[in-house]
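**Student:** Residue numbers (my numbering), protein chains in the order written: chain A, 96 to 324; chain B, 96 to 324; chain C, 96 to 324.
Yeah, the Cβ is synthetic: ideal placement off N, Cα and C, and Gly gets one too.
1) The region 199–228 of chain B: which residues have C-beta closer than 7 Å to a C-beta of chain A, in chain order?
2) State the beta-bridge partners of residue 238(B) as determined by DSSP.
3) At least one CB of chain B closer than 8 Å to the CB of residue 317(C): is that the case?
4) Under 6 Å Cβ to Cβ from residue 208(B), same chain only, skipping five residues before and after it: list those, please.
5) Whose CA, out of 119(B), 175(B), 197(B) and 264(B), lies closest to the CA of residue 285(B)?
6) Since residue 240(C) meets chain B, which of its residues come closer than 7 Å, beta carbon to beta carbon?
7) Is residue 249(A) close to chain C? Criterion is C-beta to C-beta, closer than 8 Å.
8) My understanding is that residue 228(C) touches residue 141(C), with C-beta atoms under 8 Å, so please give their C-beta distance in whole angstroms.
9) Helix, strand or coil for residue 265(C)? Go by DSSP, reduced to three states.
10) What's the C-alpha gap between residue 101(A) and residue 148(A)?
11) Counting only beta-carbon atoms, is residue 151(A) nearer than 8 Å to chain E?
12) Between the region 104–137 of chain A and chain B, which residues of the former have a C-beta closer than 9 Å to a C-beta of the latter?
13) Pull up the distance between the alpha-carbon of residue 275(A) and that of residue 231(C), whole angstroms please.
14) Going along the chain, which residues of its own chain have a beta-carbon closer than 7 Å to the beta-carbon of residue 132(B), five neighbours each way excluded?
15) Is residue 257(B) closer than 8 Å to residue 201(B) when the C-beta atoms are compared?
16) With C-beta atoms as the reference, is residue 204(A) less than 8 Å away from residue 259(A)?
17) Leaving out five residues before and five after residue 121(A) in sequence, what residues of the same chain have Cβ atoms less than 6 Å from its Cβ?
18) Output the distance between the C-alpha atoms of residue 195(B) and residue 114(B), rounded to the nearest integer angstrom.
19) Enumerate in chain order the residues of its own chain whose CB-to-CB distance from residue 254(A) is below 7 Å, with the five nearest sequence positions on each side excluded.
20) Tell me the start and end of each unbroken alpha helix (DSSP H) in the region 125–164 of chain B that is at least 4 residues and wholly inside, in chain order.
21) Just to make sure I have the definition right: I need the residues of chain B whose C-beta is within less than 7 Å of the C-beta of residue 148(C). Which are they?
22) Under 9 Å between beta-carbons, which chain A residues line up against residue 165(C)? List them in chain order, please.
23) Under 8 Å, Cβ to Cβ, is there at least one residue of chain B near residue 158(A)?
24) Taking the straight line between their C-alpha atoms, what separation do you get for residue 272(A) and residue 264(A)?
25) Using only the alpha-carbon positions, how far apart do residue 110(A) and residue 266(C) sit?
26) Looking at the C-beta of residue 260(A), does it have a partner C-beta in chain B at a distance below 8 Å?
27) Assign residue 213(B) to one of three DSSP states: helix, strand, or coil.
28) Can you have a look at residue 268(A) and say buried or exposed, based on whether 16 or more other CB atoms are within 10 angstroms of its CB?
29) Along chain A, which residues have their Cβ under 7 Å away from the Cβ of residue 154(C)?
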């Protein structure tokens, strides 16, 4: 009972902070109130929607209980009315996104375990739930998806979900495991934000001429590249 | 019986006009016939597909009854053969899109009510059904999603779906409610098209320097913005 | 029994080559290892995931049996470690993509038939399974979707799926039909790659001035185009 409550609270907090992050993107793009509601709602419930579809938990959670849908709409409208207050909305957006990421990594994995999935799938669902709201936000908002940037982002979701699942399997009580997973994801993502940490990126082998390197980095152009071997 | 017929007719008309709008995007991009079929079909059945998935009505409608799939393919091929006739394809596209929007707002809400959803979810499903075909068309076609433009677009779908659901709840017969919903959505979207109506957009608070305003409108650049507070 | 084995082998090969193609896109974009895993996995299992959702085969295949998920992760990491070996990764990517396309066209259609779909839906599912992994890869990777390029791509998937379904309906044994479908798709796609074949694209009617033609090819700009008739 308490367990369920803890997870429900995590999920609701995640929905609210992601809705805020989506609405802040709309604010940066100077959209109208409908754009705020669309981006806020899609970001707030997008990750959980994809999770429910993949797990076959249909109809999706906000059709079964539309409270989260109404909450996203209300939060987005509130951001529309008040978004001029924060001095730098982009900074707020990044931290709201980090909190949502950590919350959904745990609650997504927990939902998957509840419907009988194994550990690997539960970790994957934590990652999907934590990241797909942001993917939908960025694709709709016409920005480059943050999940593919070189910052540590998906890695933090992965760590949080894995810590939660491993702690459960080691016999930890669920509240402790959830706290551990949230903290792990939040610490790693927070450190990445504060110190601009990133993973090493793929680099072409040494010995290429600058010209070769430049051409490898080009977007694929079917016509021109086709005859290179 | 008649009710079902009215809704089926609405749905078919919506599929056809959205297929036309998708194929017209392909025509503007000078694609080949396969591009016409892909964009036309994805636009025609995309909104209803997302609706069915979210509601758990699986397999989706065009797997259960592939007539709509075949229709979309045929309509797209027809547009490929005849799209040189309209003088201005873009204008035609906008109006085809408006008719489809109004039709799907009503039929999407009606489908949700039929499978037992409440009023809030029904209105949301009307909006999803009416807009996601266009979202898929724009994302695949590499255009900025029309749902996020400042024009009145989603608002019209929202009005149509809400008018339909409210009229039903007030006891109106279904044909009347459907007609009311369609008319409301079509009038609002038509007026927005003819008079370039739009909702007020979010504006940064007064007192910012032009330089600050410019920077707030920039696409997020993680590297540069990270250290602003 | 043997039949099932053949299809399972086809499916696994398709997953591996598509995972490679997704990871190679990450390599061209010089992402970190998480980017490789994300793009590789989304490309490898994306087409089958969309197929399962549309057919209502939920939870999707990699939730039921996470082996394919683990394989995609492993393959992507392997590409991250070794992608400097191929002289031209883009050429390799195109051919890996072609093999995956042919494999999934057949296995997607076969899966649809197994769950009771008719011939039209089976062919459509072959096309969806074969192409959506690449669509997801291109949308996430920020490239123009290859399915909408003027090359023969979707057409090859369509030919392979149709050849497989027709051969089955003509009474051919399943291994033969699968081989026929794979060969047809592979030959057509291979020829398109080697000889730069393409379908005729839509051209505006003769008689337009160059200026008119130029404007028709422009991206839609709601503000400017609205008043043209």
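**Tutor:** On the basis of the coordinates in this document:
1) Answer set for the region 199–228 of chain B: 212, 213, 215, 216 and 219.
2) Start at 1 with the first residue of the second chain, and residue 238(B) comes out as number 143. For residue 238(B), which the question treats as bridged, DSSP gives no partner whatsoever.
3) In the third chain, residue 317(C) corresponds to position 222, counting from 1. In this prediction, residue 317(C) has a pLDDT of 41, which is less than 50 and means its spatial position is unreliable; what the coordinates show is noted afterwards. Closer than 8 Å to some Cβ of chain B, the Cβ of residue 317(C) qualifies, so yes.
4) Taking the second chain and counting its residues from 1, one reaches residue 208(B) at position 113. The residues are 217.
5) Numbered from its first residue, the second chain carries residue 285(B) at position 190. Answer by Cα proximity: 197(B).
6) Stepping through the third chain from its first residue, residue 240(C) is reached at position 145. The contacting residues are 235.
7) Start at 1 with the first residue of the first chain, and residue 249(A) comes out as number 154. Yes, its Cβ sits closer than 8 Å to a Cβ of chain C.
8) Reading the third chain from its first residue, position 133 is the one you call residue 228(C). Reading the third chain from its first residue, position 46 is the one you call residue 141(C). At roughly 4 Å, the Cβ-Cβ gap stays under 8 Å, so residue 228(C) and residue 141(C) are in contact.
9) Within the third chain, numbered from 1, the residue matching residue 265(C) stands at position 170. Coil.
10) Within the first chain, residue 101(A) is the residue found at index 6, counting from 1. Within the first chain, residue 148(A) is the residue found at index 53, counting from 1. Between residue 101(A) and residue 148(A), the C-alpha separation is close to 23 Å.
11) No chain E appears in this structure, whose protein chains are A, B and C.
12) 120, 121, 122, 123, 124, 125, 126, 127, 128, 129, 130, 131, 132, 133, 134 and 136
13) Here residue 275(A) refers to the residue found at position 180 when the first chain is read from its first residue. Here residue 231(C) refers to the residue found at position 136 when the third chain is read from its first residue. Looking at the two C-alpha atoms, the distance is approximately 33 Å.
14) Residue 132(B) sits at position 37 when you count from the first residue of the second chain. If we look at residue 132(B) and ignore the five residues flanking it on each side, its Cβ neighbours are 168, 171 and 172.
15) The residue given as residue 201(B) occupies position 106 in the second chain. The residue given as residue 257(B) occupies position 162 in the second chain. In this structure, residue 257(B) does not lie closer than 8 Å to residue 201(B) by Cβ.
16) In the first chain, residue 204(A) corresponds to position 109, counting from 1. In the first chain, residue 259(A) corresponds to position 164, counting from 1. Against a cut-off of 8 Å, the Cβ pair of residue 259(A) and residue 204(A) comes out as a contact.
17) Within the first chain, the letter at position 26 stands for residue 121(A). For residue 121(A), where only same-chain residues beyond five positions count, the Cβ hits under 6 Å are 130, 131 and 134.
18) Residue numbering aside, residue 195(B) sits at position 100 when the second chain is read from its first letter. Residue numbering aside, residue 114(B) sits at position 19 when the second chain is read from its first letter. In a straight line, the C-alpha of residue 195(B) is about 9 Å away from that of residue 114(B).
19) Within the first chain, the letter at position 159 stands for residue 254(A). For residue 254(A), where only same-chain residues beyond five positions count, the Cβ hits under 7 Å are 279, 280 and 283.
20) 128–150 and 156–159
21) The count along the third chain starts at 1 and reaches residue 148(C) at position 53. Going along chain B in sequence order, the residues near residue 148(C) (Cβ under 7 Å) are 148.
22) On the third chain, residue 165(C) is found 70 positions in, with the first residue counted as 1. Here the neighbours are 215.
23) In the first chain, counting from the first residue as 1, residue 158(A) sits at position 63. Yes - at least one Cβ of chain B is within 8 Å of the one on residue 158(A).
24) Sequence index remark: in the first chain, residue 272(A) carries index 177 (1-based). Sequence index remark: in the first chain, residue 264(A) carries index 169 (1-based). Their backbone Cα atoms lie some 9 Å apart in a straight line.
25) Start at 1 with the first residue of the first chain, and residue 110(A) comes out as number 15. Start at 1 with the first residue of the third chain, and residue 266(C) comes out as number 171. If I take the Cα positions, the gap works out to 53 Å.
26) As a working note, residue 260(A) is residue 165 in the first chain. The beta carbon of residue 260(A) sits no closer than 8 Å to any beta carbon of chain B.
27) Sequence index remark: in the second chain, residue 213(B) carries index 118 (1-based). Assignment of residue 213(B) by DSSP, reduced to helix, strand and coil, places it in the coil class.
28) Here residue 268(A) refers to the residue found at position 173 of the first chain. With fewer than 16 other Cβ atoms within 10 Å, it is exposed.
29) Within the third chain, residue 154(C) is the residue found at index 59, counting from 1. What residue 154(C) touches in chain A: 149, 150 and 151.
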